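In my numbering, each number is its position in the sequence shown, counted from 1, plus 12.
Just so you know, even glycine gets a beta-carbon here, dropped at the ideal spot from N, CA and C.
Predicted model, so just to flag it, every value in this text is computed and none were measured.
Everything below concerns the one structure shown next.
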Amino acid sequence: MMMMMMYHCPDCGERFTKSHHLKDHERIHTREKLLDCSQCGKSFTRLCDFQQHERIHTGEKSYHCGQCGKRFVCQNNLQRHQRIHTGEKPYHCSQCGKSFTCQSNLLQHKRIHTGEKPFNCGQCGKSFTQQSSLQRHQRIHTGEKPYHCGQCGKSFTCQSTLQTHERIHTGEKPYYCSQCGKCFTCQSTLHIHERIHTGEKPYHCGRCGKSFTCQSTLHIHERIHTGQKPYYCGQCGKSFICQSHLQQHEHIHTGEKPYHCSPCGKRFRHQRALHSHQQSHTGEKSYLCGQCGRGYTHSSSLRTHKCSNLKPSRS
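Put into structure tokens, the structure is as follows:
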């Protein structure tokens with residue numbers, strides 16, 4: 013059997029089956045950029061990437077999905093998207109067996125096992141497993157948000173975040189859980205949700221050993237140990253461990269109640285308060301006592317019930 017010739021990058025060790033792919037890749041390290049976008053100034057090493065990027069500005073989406081009609085700027089993105097419908101994941105990790113819809117996701121995943129982070133920020137020295145993550149990070153320093161929503165004008169640092177945001181306007185939820193049928197606007201949220209069914213909690217706290225289904229939840233948890241509260245309220249100066257807590261707090265100052273109940277129109281500051289309220293309409297009791305099976309609409313009611321059962325009975 014013939015062995016396929018591989019071309020190795022001397023800087024980071026990444027391998028390629030074709031020499032011109034290696035040459036394109038090497039420009040990442042040499043920072044050689046040949047093609048500049050006249051609209052936004054972004055630079056590219058390959059003509060195909062440059063032409064694909066230009067379609068972001070023109071709005072041209074020549075490739076469309078026969079299943080759902082969604083349109084794409086390039087054929088590769090269409091092919092990746094079609095795997096959502098087929099469930100195909102042709103790229104497999106030899107270390108852990110995990111499968112992926114596209115090769116770039118597999119290459120990125122492999123760096124979890126190797127610990128390799130070949131892309132470095134020139135401003136702060138932070139390292140990343142992929143170039144797109146570095147580019148997104150660099151916009152923290154520059155403040156650049158080049159992707160704009162045509163519906164509401166909101167701006168974003170990366171295209172994938174814009175695409176996820178646009179689904180708020182369209183109502184599209186293309187990612188389905190095969191276990192329970194629940195739908196999601198982005199694939200990463202589906203992956204996190206699927207761990208509810210599998211019980212997988214791959215992210216562990218080095219301080220206390222507690223495990224989590226997603227990395228962002230681990231980062232928030234770690235701030236309990238460090239005491240770090242990086243999100244500040246501009247009105248009163250109060251600080252919070254995560255952005256969602258800050259956003260909820262800010263509603264106190266603005267009086268905003270963005271969560272409303274469809275059946276009765278009542279509005280709430282917090283989503284969890286809306287969820288608890290909705291159970292008064294549905295009769296759902298999400299919080300169950302493991303001892304007696306009794307159900308409650310609020311977690312606080314379940315805690316009260318458990319405490320009352322722990323009290324010693326009078327003889």
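Please tell me whether residue i and residue j are closer than 8 Å, where the distance is taken between their beta carbons.
i	j	result
K157	T169	yes
L286	Y299	no
Q87	Y75	yes
H181	Q163	yes
Q255	Y243	yes
L90	C77	yes
Y308	K297	yes
R83	T57	no
L146	C136	no
C49	E66	yes
Q260	H231	no
K377	T197	Here the chain covers residues 13 to 327 and nothing more, so residue 377 does not appear.
R279	K269	yes
H203	Q191	no
C301	Q290	no
H125	Q107	yes
K129	S116	no
C21	L34	yes
C276	E262	no
Q51	V85	no
Evaluate residue i with the Cβ neighbour count: other Cβ atoms within 10 Å of its Cβ, from every protein chain shown; 16 or more gives buried, anything less gives exposed.
i	result
S292	exposed
S251	exposed
I264	exposed
I253	buried
L314	buried
L59	exposed
T141	buried
T70	exposed
S288	buried
S311	exposed
S93	As written in the sequence, residue 93 is His, which differs from the Ser given in the question. Label assigned to H93: buried.
H37	buried
T113	buried
Name the DSSP bridge partner or partners of residue i?
i	result
S223	H216
H317	Partner(s): none; H317 has no beta bridge.
L47	F56
H20	R27
C195	Y188
Between residue i and the ligand MN, is there a pair consisting of the residue's CB and a ligand heavy atom that are separated by less than 7 Å?
i	result
F140	The model depicted lacks the ligand MN and carries no ligand whatsoever.
Since residue i and residue j are thought to touch, with beta carbons under 8 Å apart, how far apart are those beta carbons, to the nearest angstrom?
i	j	result
T201	K213	About 16 Å; that fails the 8 Å criterion.
Q199	Y187	5 Å
E206	C217	The Cβ separation is near 22 Å, so there is no contact.
F62	L47	4 Å
K222	H237	10 Å between Cβ atoms; not a contact.
S111	K101	4 Å
Which full runs of the alpha helix (DSSP H) of 4+ residues lie inside the region 62 to 117, going along the chain? 87 to 98
Segments assigned beta strand (DSSP E), at least 3 residues, entirely inside the region 131 to 177: none
Could you tell me which whole alpha helix (DSSP H) segments of length 4 or greater appear in the region 252 to 323? 255 to 266, 283 to 294, 311 to 322
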